[in-house]
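Residue numbers (full-length UniProt numbering): 1 to 531. Quick reminder that beta carbons are idealized off the backbone N, C-alpha and C, glycines included.
Have a look at this one:
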């Protein structure tokens, strides 16, 4: 809002200045009249209001900057740069014709029409015109208003994006974006404003020189040929003021012309799709001509060979020349195809290929980082395994070399248990071995009847007839089935069959030797009942 009001009062002051100057140049008003003073007073009033709005705008800008940066004292923000910019703006906007009735020497020359010798060659210009021309510098406020009303500046998302990318949203960025989107309108408006200002300034400076420049069209012609850097020389500036305006017009005209040429070149350039279509059409045409040239080479070579075989030297030479021409043509076509392929590669294709290469390099780097991470993980695991192995080996060596008291006690306990177990086993084995001898020694003497005749033996059931009850009770009858005679019944003193058989064999041997017919008692046996 403050920027809009500042621009409004700036344009109002410029309009009042132009109106006052035109009225004075037309002779409607004079500098010493009250109407001129009133207009100049309004110009001064608008200038004062403009200066107040400018100071208020900078104060609010300072407050916003303090809030954004969390500052409490304005002296922390008010640096030399801000003070210089504020002073420069105030100086530019404060220049204006003062409301006085002063009549300078140039006006006297124009009013009296009696120029003195030597005074006209000094190219005098009215003082009000000299102070009025700098008022056009107030048009810089248009740039501020355009920036504040720009869609990019008002959009919060654009501001955030610019802050993230460190892009300041100033008039330079806004002007570049406008030149990118609307170059024709921006250049046309700038050239038109510059042309009108230069034409009026030239007329105001040359107004008191002669009648030639009183016509506004002549001033426009001089500005146009100066703007385009042509300069025919039919109309030339004569005062220092108009010459300075002509120099500025030439400088700005050169810049605007360069911008116009750049915009036209960009507009006339083929788009990407149009360039692809154009290159495809040309490539197709070159391919077609390449096939025709290859066919001509085969045809002319065959005809040259045919006429040389037939003996027609003139026709053979003619076809050889055509053959060489076809070879040269196909070489030219190949060169054109290579040139077309080189020209079809633009910055966009290079950028795309570079993007592909960068993507591949990034993927390669990511794989390398993954491999490095895996190697580091493997190294860590190996280190842990080695540390554990060293710990276990050291522990075992410590147990073997320097056993602790607990280990010794455990070993002693194990040894005692083993000895006790071996002792029990040995006792059990010895008990099993001496058990028969113990039973034989502790058993009471019992008579054992030995039968000599076979009639006393029961061959059927193996019982002894002399003492069947005793034999049945002991279940120890034994009959020699080979001789069909009773070998006798013995008292069972052992559970082992081997001892009984040995005892039986011994009894039979003794009976055969002695040929006794009577039964012997236990006490009469030749050997004890042992194993």
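On the three-state DSSP scale, how would you describe residue i?
{"i": "residue 185", "result": "helix"}
{"i": "residue 172", "result": "helix"}
{"i": "residue 296", "result": "helix"}
{"i": "residue 92", "result": "helix"}
{"i": "residue 33", "result": "coil"}
{"i": "residue 71", "result": "coil"}
{"i": "residue 232", "result": "coil"}
{"i": "residue 370", "result": "helix"}
{"i": "residue 6", "result": "helix"}
{"i": "residue 208", "result": "coil"}
{"i": "residue 379", "result": "helix"}
{"i": "residue 287", "result": "helix"}
{"i": "residue 226", "result": "helix"}
{"i": "residue 215", "result": "coil"}
{"i": "residue 242", "result": "helix"}
{"i": "residue 46", "result": "helix"}
{"i": "residue 77", "result": "coil"}
{"i": "residue 22", "result": "helix"}
{"i": "residue 317", "result": "helix"}
{"i": "residue 521", "result": "Low confidence applies here, because residue 521 scores a pLDDT of 42, under 50, leaving its location unreliable and the question unanswered by this model."}
{"i": "residue 271", "result": "coil"}
{"i": "residue 52", "result": "helix"}
{"i": "residue 311", "result": "coil"}
{"i": "residue 202", "result": "helix"}
{"i": "residue 11", "result": "helix"}
{"i": "residue 1", "result": "coil"}
{"i": "residue 360", "result": "helix"}
{"i": "residue 413", "result": "helix"}
{"i": "residue 355", "result": "helix"}
{"i": "residue 27", "result": "coil"}
{"i": "residue 100", "result": "coil"}
Can you tell which of the options has its C-alpha closest to the C-alpha of residue i?
{"i": "residue 2", "options": "311, 55, 380, 17", "result": "55"}
{"i": "residue 147", "options": "131, 161, 170", "result": "170"}
{"i": "residue 294", "options": "190, 334, 412, 306", "result": "334"}
{"i": "residue 331", "options": "303, 289, 360, 300", "result": "289"}
{"i": "residue 217", "options": "229, 195, 208", "result": "195"}
{"i": "residue 14", "options": "96, 329, 59", "result": "96"}
{"i": "residue 258", "options": "273, 313, 229, 70", "result": "229"}
{"i": "residue 542", "options": "100, 186, 391", "result": "As displayed, the chain neither begins before 1 nor continues past 531, which places residue 542 out of reach and without an answer."}
{"i": "residue 136", "options": "83, 310, 17, 278", "result": "17"}
{"i": "residue 82", "options": "91, 58, 71, 70", "result": "58"}
{"i": "residue 214", "options": "279, 27, 422", "result": "27"}
{"i": "residue 197", "options": "223, 182, 173", "result": "223"}
{"i": "residue 12", "options": "48, 31, 321", "result": "48"}
{"i": "residue 172", "options": "292, 153, 391, 359", "result": "153"}
{"i": "residue 178", "options": "425, 159, 156, 143", "result": "143"}
How close, in whole Å, do the beta carbons of residue i and residue j come, if the pair is a contact with beta carbons under 8 Å?
{"i": "residue 184", "j": "residue 256", "result": "Not really, about 12 Å apart at Cβ, beyond 8 Å."}
{"i": "residue 226", "j": "residue 253", "result": "7 Å"}
{"i": "residue 545", "j": "residue 93", "result": "Nothing can be reported for residue 545: it is not among the residues displayed for the chain, which extend from 1 to 531."}
{"i": "residue 199", "j": "residue 180", "result": "Contact flag wrong, Cβ pair sits at about 30 Å."}
{"i": "residue 242", "j": "residue 206", "result": "5 Å"}
{"i": "residue 282", "j": "residue 340", "result": "6 Å"}
{"i": "residue 141", "j": "residue 7", "result": "4 Å"}
{"i": "residue 297", "j": "residue 326", "result": "5 Å"}
{"i": "residue 204", "j": "residue 277", "result": "Not really, about 55 Å apart at Cβ, beyond 8 Å."}
{"i": "residue 126", "j": "residue 208", "result": "7 Å"}
{"i": "residue 300", "j": "residue 323", "result": "4 Å"}
{"i": "residue 187", "j": "residue 260", "result": "6 Å"}
{"i": "residue 51", "j": "residue 90", "result": "6 Å"}
{"i": "residue 279", "j": "residue 344", "result": "5 Å"}
ask   = Any chance the segment 37 to 44 sits against the segment 66 to 77, with 3 or more Cβ pairs inside 8 Å?
value = no
key: Secondary structure, alpha helix (DSSP H): runs of 4+ residues fully inside the segment 121 to 170   = Taking only runs of at least 4 residues, the alpha helix (DSSP H) segments lying wholly in the segment 121 to 170 are 127 to 132, 140 to 148, 151 to 154, 156 to 164.
inquiry  = Within 8 Å, do at least three Cβ pairs link the segment 3 to 14 to the segment 138 to 157?
reply    = The segment 138 to 157, when compared against the segment 3 to 14, does touch it at the 8 Å Cβ threshold.
task = Determine contact between the segment 223 to 242 and the segment 158 to 174, defined as no fewer than three beta-carbon pairs at a distance below 8 Å.
result = no
ask   = Three or more beta-carbon pairs under 8 Å between the segment 305 to 319 and the segment 238 to 252, yes or no?
value = no
task = Answer yes if the segment 52 to 69 comes into contact with the segment 14 to 24, meaning at least three C-beta pairs across the two stretches below 8 Å, and no otherwise.
result = Too few Cβ pairs lie closer than 8 Å, so no.
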